[in-house]
Amino acid sequence: MIFIGALTILPLIFMICMAFTNYSKIDNHLMLFDWVGLDNFKALFDSSSILGSTFWSVLGWTLVWAFFATFSNYIFGMILSIVINRKDTKAKGFWRFCFVLSCAVPMFVSLLIMRTMLQPEGAVNVLLRNLGLIAQDASLPFFTDPTWARVTVIVINIWVGVPYTLLQLTGVLQNIPGELYEAARVDGANAVQIFFKITLPYMLYVTTPYLITTFTGNVNNFNVIYLLSGGDPVTNLESTAGSTDLLVTWLYKLTVDKQYYNIGAVIGILTFIILAIAALLTYRNSKSYKEEGGF
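With full-length UniProt numbering, you'll find the sequence shown wraps up at 295, consecutive numbering, no jumps.
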């Protein structure tokens with residue numbers, strides 16, 4: 001236990017200490033570094049500098065990405081789970097098996113295949129040219145235009161993440177007491193009223209912790225962004241981040257590629273603080289916390 005604790009705590013302490021130094025390749029401070037106090041934090045918050053403006057841009061996109069990646073998966077997963085669990089839906093087991101089968105394929109394999117297919121000379125653009133939907137010398141800028149790239153990673157994340165959400169919400173749906181639906185129908189409630197008064201509140205009550213952890217995971221979703229777009233496209237050559245970079249992928253580039261370990265440590269600390277506060281406030285204001293013990 002002591003050994004495991006040391007492996008967990010010591011790197012965290014080292015990162016926190018590093019954030020208050022000039023430990024980076026700038027002026028060869030990898031060999032000899034000094035204590036600089038809060039200078040790294042000030043540099044990151046200064047929106048007039050390239051580093052500061054990049055930080056605020058990446059932070060904004062990270063939060064936008066996490067929101068859409070979380071709730072798009074949740075909404076589409078909910079719709080599919082409700083459709084599959086309807087009484088008049090046939091071959092329910094087959095449809096569930098199809099989604100379970102998609103989960104069996106390693107995510108990195110799916111992402112790399114999609115990245116290849118969406119390249120300018122990839123299968124998607126070639127197919128569109130052959131169908132005459134785009135000119136022979138044209139291609140859709142899936143990863144070369146900032147807006148296209150951001151929309152593309154969100155859409156691909158839906159394709160990757162919905163099966164997992166579907167399986168989670170299917171279990172929740174099957175545990176809603178049937179008596180609630182029967183009583184609502186006796187009282188004359190229609191399908192829409194039943195959904196908004198029974199199904200949706202119950203699902204949100206049970207899955208609020210899941211939504212919080214999913215949002216947190218999407219803020220730190222290194223795999224989808226790095227394997228799909230690599231953070232590209234880069235619109236400012238002086239910037240160290242691309243248009244689709246999240247805080248976590250930018251941190252990776254700063255530390256591994258640029259060796260700006262002090263700035264990377266600051267970003268790691270700020271990411272933890274933002275997520276901890278957001279998760280705590282969200283959960284404490286949810287019904288899952290306020291009405292713990294029953295629905």
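Glycine included, each C-beta is placed from N, C-alpha and C at the ideal position.
Beta-bridge pairing of residue 21 - partner residues as DSSP gives them: Its beta-bridge partners are 35.
Quick check on DSSP: helix, strand or coil for residue 251? helix
How many angstroms separate the CA atom of residue 18 from the CA atom of residue 41? 12 Å
Would you call the CB atoms of residue 249 and residue 269 closer than 9 Å? no
Beta-carbon contacts of residue 259 that lie in its chain and below 8 Å, excluding the five residues immediately before and after: Correct list, in chain order: 24, 25 and 30.
Measuring straight from C-alpha to C-alpha, what distance separates residue 58 and residue 251? 11 Å
Apart from the five residues on each side of it in sequence, which residues of its chain come closer than 8 Å, Cβ to Cβ, to residue 34? 21 and 22
In terms of alpha-carbon separation, which member of 229, 207 and 165 lies closest to residue 118? For residue 118, the nearest C-alpha among the options comes from 229.
Answer with buried or exposed for residue 27, where buried requires no fewer than 16 other C-beta atoms within 10 angstroms of its C-beta. Looking at its Cβ environment, which holds fewer than 16 other Cβ atoms inside 10 Å, residue 27 is exposed.
Does the pairing of the stretch 46 to 55 with the stretch 131 to 139 give three or more beta-carbon distances under 8 Å? no
Can you give me the C-alpha to C-alpha distance between residue 256 and residue 263, rounded to a whole angstrom? 12 Å
Assuming residue 247 and residue 62 make a contact with CB atoms under 8 Å, what is their CB distance in whole Å? 5 Å
Note down, one range per segment and in chain order, each alpha helix (DSSP H) of at least 4 residues found wholly within the stretch 122 to 152. If we require 4 residues or more, the alpha helix (DSSP H) runs fully inside the stretch 122 to 152 come out as 123 to 130.
Could you give the first and the last residue of the continuous alpha helix (DSSP H) run that contains residue 70? For residue 70, the enclosing alpha helix (DSSP H) has its first and last residue at 50 to 84.
6 Å Cβ shell around residue 51 - same chain, five flanking residues per side excluded: 43
Is residue 223 helix, strand or coil when you go by DSSP? helix
So, helix, strand or coil for residue 92, using DSSP? helix
For residue 296, which three-state DSSP category applies? One cannot answer for residue 296 here, as it falls past the ends of the chain, which runs 1 to 295.
Can you give me the C-alpha to C-alpha distance between residue 178 and residue 120, rounded to a whole angstrom? 52 Å
Closest to residue 283 by CA distance: which of 205, 217 and 241 is it? 205
For residue 16, I'd like the list of residues in its chain whose CB is within less than 8 Å of its CB, leaving aside the five on either flank, ordered along the chain. 265 and 269
Under 9 Å between C-beta atoms of residue 244 and residue 149: yes
Closest Cα partner of residue 106 within the set 232, 223 and 208: 223
Residue 262: first and last residue of the uninterrupted alpha helix (DSSP H) it sits in: Per DSSP, residue 262 belongs to the alpha helix (DSSP H) from 261 to 284.
Using the C-alpha atoms, what's the distance from residue 276 back to residue 165? Approximately 23 Å between the Cα atoms of the pair.
Looking only at C-alpha atoms, which of 267, 285 and 279 sits nearest to residue 56? 267
Could you tell me the boundaries of the alpha helix (DSSP H) in which residue 194 lies? 191 to 194
At what residues does the alpha helix (DSSP H) containing residue 186 begin and finish? Segment 178 to 186, the alpha helix (DSSP H) holding residue 186.
State the Cα-Cα distance for the pair residue 167 and residue 81, rounded to the nearest angstrom. Distance between the alpha carbons of residue 167 and residue 81 is about 8 Å.
Return helix, strand or coil for residue 155, following the three-state DSSP convention. DSSP places residue 155 in helix when its eight states are reduced to three.
For residue 219 and residue 156, what's the separation of their Cα atoms in angstroms? 16 Å
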